[in-house]
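I have placed the structure first, in the form of structure tokens, so that the comments after it can refer back to it.
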Amino acid sequence: MVSAQFILIALCVVVGLLPTMVVRLLNKIPEQLFGQGLSHAMQHGWLWLTPVSSKTAEYSALLVAVGLLVSLFGWFIVRMIMKPKRKAGHLGRVAAWDCGFGPLSSRMQYTGGSFSMPVRRIFAPLWKLSTEQKLQARNGLPLHAHTQIYREQSDDLSWRIIYNPIIAWINFVTRNIGRIQTGHLRHYLAYSFFTLIVLLWLIS
Amino acid sequence: MIDIIDFKGWILVIIQTWMFVFLAPLLVGWLTWLKCHLQNRSAPSLFQPYKNLWRLFHKDVLLPKHASLIFRMTPYIIAGVMLIAASIIPLFVVRMPSSATADVIVLVGFFALAKFFQSLAAMDIGTAFGGMGASREMTVSALAEPAMLMAVFTLAMVAGSTNLSTVVETIISQGLVLRPSLLFAFAGLVLVAIAETGRIPVDNPSTHLELTMIHEAMVLEYSGRMLALIEWSSMTKLMVYGVLICNVFFPWGIAQHHDLYSMFIGFVAVGFKLMLLAVCLVVAETLLAKMRLFRVPIFLSLAFTLSLLGLLSYIILEVG
């Protein structure tokens, strides 16, 4: 089921490790559009990415990946050396720290909404946030609360400020242009007559 | 271009990286010693962090019930990333082959990779602590990284390069000149370093209380050698930021040739600079209290503004 995602991950890693190949493939586009591309990015071989010049910035993705693998391997060796003597093969598994309040449940986990709460609060002016909190009472008595429904919605402000006025304006204009299609036959004859006059004036 | 097939250079890279890793606990020990004396408490030995790490390495690892492979792999990934980040920073000598492979923007990418895996591992266990730590860490990082990149861009524009060795050599070659762009970038980078390394006033590194945790909340469930690796990595990160600030903005003393005498002078110079930086950090930590979380955006906006001012002052005052 998830093999498709793994293929995508592998392709992402390959593209990241060989940026010069990607630049070489994509270079044709700016060359056709602007007449010049980023051919000096590959001037020092396929291993080095040098966008401006070698002195300004150079980066070798493959060497960085090799370095990362070497350092991970190094830590693995350290772990093997410092492995303490254990009775059984497996590591001990215990319950996670629950702060003394009783067993943890999956409802106490952080959801997407809770994870993004600080960012939403800090960048609140960028979004239109609305919160709804409803207490569903049992037997009609609020003190016998049964369920609490909490709903948060964040709408994009740019949709409201930029896109909606443009949509409203387009609707207004098209409605008014559509007025040409309404009316009596004599209105159509008048349109044709005046269009002919204007065209004849333009030609002459 | 720095010669990549330089055997002596790569030996120096390995020595320098391992010095970063092995001297980072000493820096933290010095910080703790200074803080205790400043607060009129009796201080532990300078080598106490080494004893703590030794103790942790010899303890058993206990995993939470629902921990997956990500939780188990993360300490090794973070340690590996910190190792490679340390390899590209010039500690006591410049012109190393490793700084040709990755520049300062890749360094920011390394820190982001470590942070990503740390947050994933924190969310992996399913407790509210981990989620809280991860959420706060990502918020602080989302605000701090633009400020750091802006300071880095200012440095890159001054030196004409993003290669750290080239930046250090350019600033040395210009002599003792007061550059407003570098002053602003220095101030911005110091504020970002405080946020990224989790020091007061952004985070309290010696607490395990909910209200005051960001980094500690993410590592609450780790034990034994995994906790040792994570603690060691955060000490290395502090040293990386410290050396970055010292050697980029005050590079005098660093060895520009690969001979023993220059490297010895470079080592003594960076040691002295780091000790002085630690004194300034400890005084700031003692005088300031930890900020509440929703005041941290103001702190980091200040860092961003200072870095932006550095960039603008370079463009207006120093070009041409």
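Heads up: the sequence lines are chains F and V, in that order. Per our numbering, the first sequence starts with residue 3, numbered consecutively. Per our numbering, the second sequence starts with residue 31, numbered consecutively. Using N, Cα and C, we set each Cβ at its ideal position, and we do this for glycine too. Note that the coordinates shown come from a computational prediction; the quantities given were computed from them, not determined experimentally.
Below-7 Å beta-carbon distance, residue i vs any chain V residue
i, result
"F/Met23", "no"
"F/Pro120", "yes"
"F/Tyr152", "no"
"F/Gln111", "yes"
"F/Trp77", "yes"
"F/Val17", "no"
"F/Val66", "yes"
CB contact below 7 Å: residue i versus chain F
i, result
"V/Thr169", "yes"
"V/Leu338", "no"
"V/Ser98", "no"
"V/Met31", "Note that V/Met31 has pLDDT 49, beneath the 50 cutoff, so the model's placement of it is unreliable and no number is given."
"V/Pro176", "no"
"V/Phe110", "Sequence inspection shows Gly at residue 110 of chain V; the Phe mentioned does not correspond to that position. Chain F contact via Cβ: present."
"V/Tyr344", "no"
"V/Asp133", "yes"
"V/Glu246", "no"
"V/Ala320", "First, the amino acid is wrong: residue 320 of chain V is Lys here, not Ala. Chain F contact via Cβ: absent."
"V/Lys81", "no"
"V/Leu93", "yes"
"V/Glu261", "no"
"V/Ile114", "yes"
"V/Glu251", "yes"
Exposure label - residue i; buried when at least 16 CB within 10 Å
i, result
"F/Glu154", "exposed"
"F/Thr184", "exposed"
"V/Ala354", "Residue 354 of chain V is absent from the structure shown; chain V starts at 31 and stops at 350."
"V/Glu199", "buried"
"F/Ile79", "exposed"
"F/Val16", "exposed"
"F/Ala6", "exposed"
"V/Met31", "Summary for V/Met31: the model assigns pLDDT 49, below 50, so the residue's position carries little reliability, and this model does not support an answer."
"V/Ile224", "buried"
"F/Ala12", "exposed"
"V/Met265", "buried"
"V/Trp262", "buried"
"V/Pro327", "buried"
"V/Thr62", "buried"
"V/Pro79", "buried"
"F/Trp203", "exposed"
"V/Asn70", "exposed"
"V/Leu221", "buried"
"V/Glu315", "buried"
"F/Val72", "exposed"
Within chain V, the residues that residue i reaches when beta carbons sit closer than 8 Å
i, result
"F/Ser207", "Within the shown structure, residues of chain F are numbered from 3 to 206, placing residue 207 of chain F beyond reach of any answer."
"F/Ala124", "Sequence inspection shows Ile at residue 124 of chain F; the Ala mentioned does not correspond to that position. Chain V residues near F/Ile124: Thr169, Leu173, Phe324, Pro327."
"F/Arg81", "Tyr106, Arg255"
Chain V contact residues for residue i, given Cβ-Cβ distances below 9 Å
i, result
"F/Thr58", "Ala186, Gly190, Ser191, Thr192, Asn193, Thr196"
"F/Ser62", "Ile34, Ala130, Thr131, Ala132"
Beta-carbon proximity check, residue i vs residue j, cutoff 7 Å
i, j, result
"F/Leu74", "V/Gly110", "yes"
"V/Ala177", "V/Gly139", "no"
"F/Leu28", "F/Ala63", "no"
"F/Arg109", "V/Lys95", "no"
"V/Ile114", "F/Leu70", "yes"
"V/Leu290", "V/Phe214", "no"
"V/Thr104", "F/Ala98", "no"
"V/Ser165", "F/Pro120", "yes"
"F/Val66", "V/Thr131", "yes"
Under 9 Å by beta carbon: chain F residues contacting residue i
i, result
"V/Gly156", "Ala98, Leu106, Ser108, Met110, Gln111, Tyr112"
"V/Asp233", "Near V/Asp233 there are no residues of chain F at all, since even the closest Cβ is about 14 Å away, more than 9 Å."
"V/Arg125", "Near V/Arg125 there are no residues of chain F at all, since even the closest Cβ is about 13 Å away, more than 9 Å."
"V/Ser117", "Gly69, Ser73"
"V/Val278", "Correct list: empty, because the minimum Cβ distance to chain F is about 16 Å."
Within chain V, the residues that residue i reaches when beta carbons sit closer than 7 Å
i, result
"F/Ser5", "Near F/Ser5 there are no residues of chain V at all, since even the closest Cβ is about 18 Å away, more than 7 Å."
Rounded Cβ spacing between residue i and residue j (contact assumed at less than 8 Å)
i, j, result
"V/Leu352", "F/Leu93", "Residue 352 of chain V lies beyond the residue range present for chain V, which begins at 31 and ends at 350; the question has no answer from this structure."
"V/Ser149", "V/Met49", "In fact, because the Cβ distance is near 29 Å, the residues do not count as touching under 8 Å."
"V/Lys11", "V/Ser171", "Outside the modelled stretch of chain V, which goes from 31 to 350, sits residue 11 of chain V, for which no answer is possible."
"V/Met168", "V/Gly161", "11 Å between Cβ atoms; not a contact."
"V/Leu330", "V/Ala142", "Not really, about 16 Å apart at Cβ, beyond 8 Å."
Amino acids of chain F, ordered along the chain, whose beta-carbon sits closer than 7 Å to that of residue i
i, result
"V/Met153", "Tyr112"
Partner residues on chain F for residue i, Cβ-Cβ distance less than 8 Å
i, result
"V/Ile136", "The sequence shown places Val at residue 136 of chain V, not Ile. Simply Tyr61, Val66."
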